[in-house]
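Undergrad: Here it is: the structure, laid out below.
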Amino acid sequence: MSRATMNIAAARVASPRLSHLSWLLLALALAVGFGLPGVVASVLVLTLLTQAVIGGMLAVGVGFLIRQNGVVSFGHAAWYGVSAYCLGLLLRHDVLSVELALVLALAVPTLTAFLLGLVIVRVPGVAFSMLTLAIGQAFHEFAMKAQGVTNGDDGFAIPLPDTLFGLPISTVQQPETMFVLCWSLLALVVFGLYVTVRSPFGRLTEAIRENEERARFIGYRTVLPRAATYAISAFVAALAGLLFALYNGFVSPEVLHWSLSGSALIMAVIGGSRLLWGPALGAVIFFFLKDLAGNMTEHWPAMIGATVIVVTVLMPAGIAGTLAELFERLRKAGGRA
Amino acid sequence: MANALLIQILNGLVYGGLLFIVSVGLVLIFGLRRVVNFAHGSLFMIGAYVGFSISLVAGFWAGVVGAAVVLAVAGALLDVSVFRPLRRQDPIATVLVTFGLLLILEDLANTVWGKETHSLPLPEMLAGSVEILGQPFPTYRLLVIAVAAAVGIGLALWLRFSRVGLFVRASSVDPVTTAVQGVNTDRVSALVVAVGTALAGLSGTIAAPLLALSPSMGGSILIESFIVVVVGGLGSFSGALIAALAIGQIHNLGIIYVPWAATMVPFLLMVAVLVWRPTGFAGSHV
Chain A
5 MSRATMNIAA ARVASPRLSH LSWLLLALAL AVGFGLPGVV ASVLVLTLLT
55 QAVIGGMLAV GVGFLIRQNG VVSFGHAAWY GVSAYCLGLL LRHDVLSVEL
105 ALVLALAVPT LTAFLLGLVI VRVPGVAFSM LTLAIGQAFH EFAMKAQGVT
155 NGDDGFAIPL PDTLFGLPIS TVQQPETMFV LCWSLLALVV FGLYVTVRSP
205 FGRLTEAIRE NEERARFIGY RTVLPRAATY AISAFVAALA GLLFALYNGF
255 VSPEVLHWSL SGSALIMAVI GGSRLLWGPA LGAVIFFFLK DLAGNMTEHW
305 PAMIGATVIV VTVLMPAGIA GTLAELFERL RKAGGRA
Chain B
4 MANALLIQIL NGLVYGGLLF IVSVGLVLIF GLRRVVNFAH GSLFMIGAYV
54 GFSISLVAGF WAGVVGAAVV LAVAGALLDV SVFRPLRRQD PIATVLVTFG
104 LLLILEDLAN TVWGKETHSL PLPEMLAGSV EILGQPFPTY RLLVIAVAAA
154 VGIGLALWLR FSRVGLFVRA SSVDPVTTAV QGVNTDRVSA LVVAVGTALA
204 GLSGTIAAPL LALSPSMGGS ILIESFIVVV VGGLGSFSGA LIAALAIGQI
254 HNLGIIYVPW AATMVPFLLM VAVLVWRPTG FAGSHV
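Following this line, the structure appears as structure tokens:
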């Protein structure tokens with residue numbers, strides 16, 4: 005047996021079937037999503053939760069890249085924003101049906117990210133972070149400068165149609181229903197990423213993350229899987245941007261600005277990216293803290309900056325990771341007793 | 004026509020020179036510490052404000068010197084409190100911590116100097132213009148070019164002939180072997196980081212009369228200097244010089260001849276260089 009086939013065989017052995025528990029958790033998550041608007045009476049809280057879930061989706065994309073490729077993106081707002089602009093521009097010029105526009109708004113950023121990924125994933129470590137920051141800002145610059153197309157700094161309102169897949173458009177604009185949609189999609193995305201991570205492809209990207217040179221020596225191509233991982237994380241960011249565009253019905257260069265990329269990264273760091281849902285938890289914490297801080301102080305940026313430093317130094321696994329470790333320790337202690 | 008072009012090339016040199024002073028600070032720190040300071044742009048911004056405040060009281064030159072000194076002290080503190088404790092961790096940890104610092108520094112500037120923009124007035128001696136081949140050119144811009152040249156030459160000599168310079172060069176080639184040879188990186192790094200941040204502060208003050216001061220001014224310079232060091236090769240002194248000068252020219256000529264694409268050109272150049280050489284055109288040595 006050649007070395008390559010042995011590795012494929014090993015990879016197959018190493019990817020066990022999904023447990024019943026993971027299906028159960030998905031069902032539970034979906035049920036919670038459908039139940040929550042009935043329990044949470046306050047529209048304000050529900051609005052905040054919807055924003056948090058959309059932000060959480062973006063953060064999950066960023067976290068997935070950290071987890072699988074071991075690199076930190078400072079430019080994921082690019083894919084979020086390109087998706088939002090794609091939808092906006094296609095509808096504004098009335099070239100396609102809204103359903104097709106939705107598909108294109110996901111496909112364009114994902115494919116662009118894949119092609120760009122083929123170039124940039126070869127750049128290692130910290131340089132990758134610098135590069136993504138610069139590239140993300142290039143999209144922002146373009147949206148600002150190409151006034152004829154994007155209306156520059158002012159942005160534009162997206163002319164949404166009256167119905168979407170047969171449902172009234174208010175479905176995606178009222179927090180009660182939009183929350184359920186966003187939450188369900190987030191649950192499905194996290195589940196999809198979970199399946200990806202456990203597949204042979206997921207194992208391969210982890211091997212490359214740990215030691216790229218060694219993976220190459222055993223005969224794997226290493227650029228393609230990493231570019232694919234980058235494209236997947238861009239797809240998740242694009243989905244978040246699409247939801248944002250539908251919910252707000254408006255796009256401006258703000259959705260491409262690097263401070264949004266930074267916020268998404270902060271959410272991923274606070275939540276922790278070792279667990280796929282960690283960044284989403286980080287997002288909920290981020291939005292509620294921000295809301296809370298907004299009433300008390302003007303120093304939200306300094307507060308969040310200090311939080312990032314504290315979490316990075318004292319809690320590198322993030323809140324979700326630390327919770328998981330704690331849970332693991334409790335279970336072990338319980339088993340011994 | 005040729006004269007007008009010369010003026011434009013000089014303008015490009017002004018911008019390229021400023022970019023060089025900012026970027027070379029990043030290069031020095033990366034050369035020794037193997038980390039990238041995401042708060043470097045914010046230190047540029049703080050430098051501009053400190054220079055502005057001092058110059059209101061004690062004049063322009065005191066502002067320039069004062070900003071460099073204050074930022075050097077801040078740099079030494081940064082090394083002791085951030086870079087040194089995190090040196091055994093993944094460089095990403097330093098990136099995240101300095102990113103947190105960036106947010107804090109912007110908030111600080113907002114609190115101390117307010118959201119409204121300020122501008123730094125020039126001393127009368129420098130406010131005029133000189134004639135170059137029959138075209139007027141602001142004296143102050145010539146001064147910026149001269150300062151950038153002085154910084155470049157001074158640093159090159161320092162790196163080439165001093166002991167610390169030798170350590171920085173050695174460490175940028177191979178940090179492990181350098182440590183094995185008995186070089187204590189920690190002992191020189193406070194100095195090197197202080198020089199790097201002092202350059203950020205110096206360039207901030209020097210750039211202040213040409214820009215409007217605002218707490219968010221660090222963002223764009225950070226991104227531009229990242230383009231410079233990624234294109235030039237992380238940790239490469241000569242790479243940063245060439246890349247900064249090239250981007251200065253491209254940026255400036257772009258604004259005149261292809262205004263709609265000018266801001267995009269440096270980004271495209273960066274991607275093009277990376278397709279060709281993923282580590283930048285000079286690799287990663289100082």
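From first to last, the protein sequence lines are chains A and B.
Under this note's numbering, the first sequence has 158 at position 154, and the numbering climbs by one with no breaks.
Under this note's numbering, the second sequence has 103 at position 100, and the numbering climbs by one with no breaks.
Just so it is clear, CB atoms sit at the ideal spot from N, CA and C, and this is done for glycine as well.
Nothing here was measured: the structure is a model prediction, and the numbers come from that model.
1) Select from the region 300-323 of chain A all residues with a C-beta closer than 9 Å to any C-beta belonging to chain B, and list them in chain order.
2) Alpha carbon to alpha carbon, how far is residue 85 (chain A) from residue 125 (chain A)? Give it in angstroms, no decimals.
3) Starting from the N-terminal side, write out each stretch of the beta strand (DSSP E) that is 3 residues or longer and does not extend beyond the region 41-127 of chain B.
4) Tell me, to the nearest whole angstrom, how far the beta carbon of residue 279 (chain A) is from that of residue 324 (chain A); I am working on the premise that it is less than 8 Å.
5) In chain order, what residues of the region 133-163 of chain A put their CB closer than 7 Å to some CB of chain B?
6) With distance defined between alpha-carbon atoms, name the residue in B:161, B:48 and B:217 nearest to residue 200 (chain B).
7) Judging by CA-CA distance, which residue of B:19, B:17 and B:74 is the nearest neighbour of residue 43 (chain B)?
8) Name, going along the chain, the residues of the region 110-125 of chain B whose beta-carbon falls closer than 9 Å to a beta-carbon of chain A.
9) Assess contact between the region 50-68 of chain B and the region 5-17 of chain B, defined as three or more Cβ pairs (one per stretch) separated by less than 8 Å. Is contact present?
10) Give the residues from the region 72-91 of chain A that approach chain B closer than 7 Å (Cβ to any Cβ), ordered along the chain.
11) Is the Cβ-Cβ distance between residue 159 (chain A) and residue 255 (chain A) less than 8 Å?
12) Do residue 150 (chain B) and residue 209 (chain B) have their CB atoms nearer than 8 Å?
13) Would residue 242 (chain A) and residue 87 (chain A) be called neighbours here (beta carbons separated by less than 8 Å)?
14) If you measure from the beta carbon of residue 80 (chain B) to each beta carbon in chain A, is any gap under 8 Å?
15) Considering only DSSP beta bridges, list what residue 141 (chain B) is partnered with.
16) I think residue 25 (chain B) touches residue 206 (chain B), with their Cβ atoms under 8 Å apart; what is that distance to the nearest whole Å?
17) How is residue 172 (chain A) classed by DSSP in three states: helix, strand or coil?
18) For residue 75 (chain A), I'd like the list of residues in its chain whose CB is within less than 6 Å of its CB, leaving aside the five on either flank, ordered along the chain.
19) Assuming residue 59 (chain A) contacts residue 239 (chain A) (C-beta within less than 8 Å), just tell me the rounded distance between them.
20) Short of 7 Å Cβ to Cβ, which residues in the region 264-278 of chain B face chain A?
21) Within 10 angstroms of its Cβ, does residue 120 (chain A) collect 16 or more other Cβ (buried), or is it exposed?
22) With 9 Å as the limit, tell me which residues of the region 281-301 of chain A have their beta carbon closer than that to any beta carbon of chain B; keep them in chain order.
23) What residue range is occupied by the uninterrupted alpha helix (DSSP H) comprising residue 230 (chain B)?
24) Which whole-angstrom value is the C-beta distance of residue 4 (chain A) and residue 321 (chain A), which I expect to be below 8 Å?
25) Please list, in chain order, all residues of the same chain as residue 162 (chain B) whose beta carbon is under 7 Å from its beta carbon, the five residues on each side excluded.
26) Interface residues of chain B around residue 66 (chain A) at Cβ under 9 Å?
27) Using the Cα positions of residue 142 (chain A) and residue 145 (chain B), report the straight-line distance between them to the nearest angstrom.
28) How would you call residue 80 (chain A), buried or exposed, if buried means at least 16 neighbouring beta carbons within 10 angstroms?
29) So what's residue 312 (chain A) in DSSP terms, helix, strand or just coil?
30) For residue 100 (chain B), which residues from the same chain have a beta carbon less than 7 Å from its beta carbon, with the 5 sequence-adjacent residues on both sides left out?
31) Look up residue 167 (chain A) in the DSSP assignment and give the residues it is bridged to.
32) In chain B, what lies closer than 8 Å to residue 262 (chain A) by C-beta?
33) Under 7 Å between beta-carbons, which chain A residues line up against residue 98 (chain B)? List them in chain order, please.
34) What number of angstroms, rounded off, separates the C-alpha of residue 177 (chain B) from the C-alpha of residue 236 (chain B)?
35) So residue 204 (chain B) and residue 30 (chain B) are supposed to be a Cβ contact under 8 Å. How far apart are they, rounded?
TA: Result, derived from the coordinates:
1) 302, 303, 304, 305, 306, 307, 308, 309, 310, 311, 312, 313, 314, 315, 316, 317 and 320
2) Here residue 125 (chain A) refers to the residue found at position 121 of the first sequence. Here residue 85 (chain A) refers to the residue found at position 81 of the first sequence. Cα-Cα distance, rounded: 21 Å.
3) none
4) In the first sequence, counting from the first residue as 1, residue 279 (chain A) sits at position 275. In the first sequence, counting from the first residue as 1, residue 324 (chain A) sits at position 320. Right, their Cβ atoms sit about 5 Å apart.
5) 133, 134, 135, 137, 138, 139, 141, 142, 145, 146 and 149
6) On the second sequence, residue 200 (chain B) is found 197 positions in, with the first residue counted as 1. The residue with the shortest Cα to Cα distance from residue 200 (chain B) is B:48.
7) Within the second sequence, residue 43 (chain B) is the residue found at index 40, counting from 1. Among B:19, B:17 and B:74, the Cα nearest to that of residue 43 (chain B) belongs to B:74.
8) 110, 111, 113 and 114
9) Flag = no, the region 50-68 of chain B and the region 5-17 of chain B do not touch.
10) 76
11) Reading the first sequence from its first residue, position 155 is the one you call residue 159 (chain A). Reading the first sequence from its first residue, position 251 is the one you call residue 255 (chain A). Closer than 8 Å, so yes.
12) Position 147 of the second sequence, counted from the first residue, corresponds to residue 150 (chain B). Position 206 of the second sequence, counted from the first residue, corresponds to residue 209 (chain B). One thing to note: residue 150 (chain B) has its Cβ within 8 Å of the Cβ of residue 209 (chain B).
13) Mapped onto the first sequence, residue 242 (chain A) falls at position 238. Mapped onto the first sequence, residue 87 (chain A) falls at position 83. Yes, the Cβ-Cβ distance between residue 242 (chain A) and residue 87 (chain A) is below 8 Å.
14) Here residue 80 (chain B) is taken as the residue at index 77 of the second sequence, counted from 1. So, not an interface residue.
15) Against the second sequence, residue 141 (chain B) aligns to sequence position 138. According to DSSP, which records beta bridges pairwise, residue 141 (chain B) is partnered with B:132.
16) Along the second sequence, one-based indexing puts residue 25 (chain B) at 22. Along the second sequence, one-based indexing puts residue 206 (chain B) at 203. Going by Cβ atoms, the distance from residue 25 (chain B) to residue 206 (chain B) rounds to 5 Å, so yes, they are a contact pair.
17) Here residue 172 (chain A) is taken as the residue at index 168 of the first sequence, counted from 1. Correct three-state label for residue 172 (chain A): strand.
18) Here residue 75 (chain A) corresponds to residue number 71 of the first sequence, with the count starting at 1. Correct list, in chain order: 132.
19) Position 55 of the first sequence, counting from 1, holds the residue named residue 59 (chain A). Position 235 of the first sequence, counting from 1, holds the residue named residue 239 (chain A). At roughly 17 Å, the Cβ-Cβ gap does not stay under 8 Å, so residue 59 (chain A) and residue 239 (chain A) are not in contact.
20) 266, 267, 270, 273, 274, 277 and 278
21) One-based indexing of the first sequence puts residue 120 (chain A) at position 116. Around the beta carbon of residue 120 (chain A), a 10 Å sphere encloses 16 or more other beta carbons of the protein chains shown; the residue is thus reported as buried.
22) none
23) What you label residue 230 (chain B) is simply residue 227 of the second sequence in a count that begins at 1. Looking at the DSSP string, the run of the alpha helix (DSSP H) that includes residue 230 (chain B) is 220-235.
24) The structure shown does not extend to residue 4 (chain A), since chain A spans only 5 to 341, so no value can be given for it.
25) As a working mapping, residue 162 (chain B) is identified with position 159 in the second sequence. The residues are 168, 171, 172, 240 and 289.
26) Position 62 of the first sequence, counted from the start, is the residue given in the question as residue 66 (chain A). None at all; the shortest Cβ gap to chain B is about 12 Å.
27) Walking along the first sequence from the start, residue 142 (chain A) turns up at place 138. Walking along the second sequence from the start, residue 145 (chain B) turns up at place 142. When rounded, the distance between both Cα atoms is 30 Å.
28) Within the first sequence, numbered from 1, the residue matching residue 80 (chain A) stands at position 76. Under this definition residue 80 (chain A) is a buried residue.
29) Taking the first sequence and counting its residues from 1, the one referred to as residue 312 (chain A) is at position 308. Looking at residue 312 (chain A) - three-state DSSP - the assignment turns out to be helix.
30) Along the second sequence, one-based indexing puts residue 100 (chain B) at 97. These residues qualify, in order along the chain: 85 and 89.
31) Here residue 167 (chain A) refers to the residue found at position 163 of the first sequence. According to DSSP, residue 167 (chain A) bridges with A:172.
32) One-based indexing of the first sequence puts residue 262 (chain A) at position 258. Neighbours of residue 262 (chain A) on chain B, chain order: 222 and 226.
33) For this step, residue 98 (chain B) is matched to residue 95 along the second sequence. Per Cβ cutoff of 7 Å: 76, 130 and 133.
34) The residue you call residue 177 (chain B) lines up with position 174 of the second sequence. The residue you call residue 236 (chain B) lines up with position 233 of the second sequence. Residue 236 (chain B) has its alpha-carbon roughly 15 Å from the corresponding atom of residue 177 (chain B).
35) One-based indexing of the second sequence puts residue 204 (chain B) at position 201. One-based indexing of the second sequence puts residue 30 (chain B) at position 27. Residue 204 (chain B) to residue 30 (chain B), Cβ: 16 Å. No contact.
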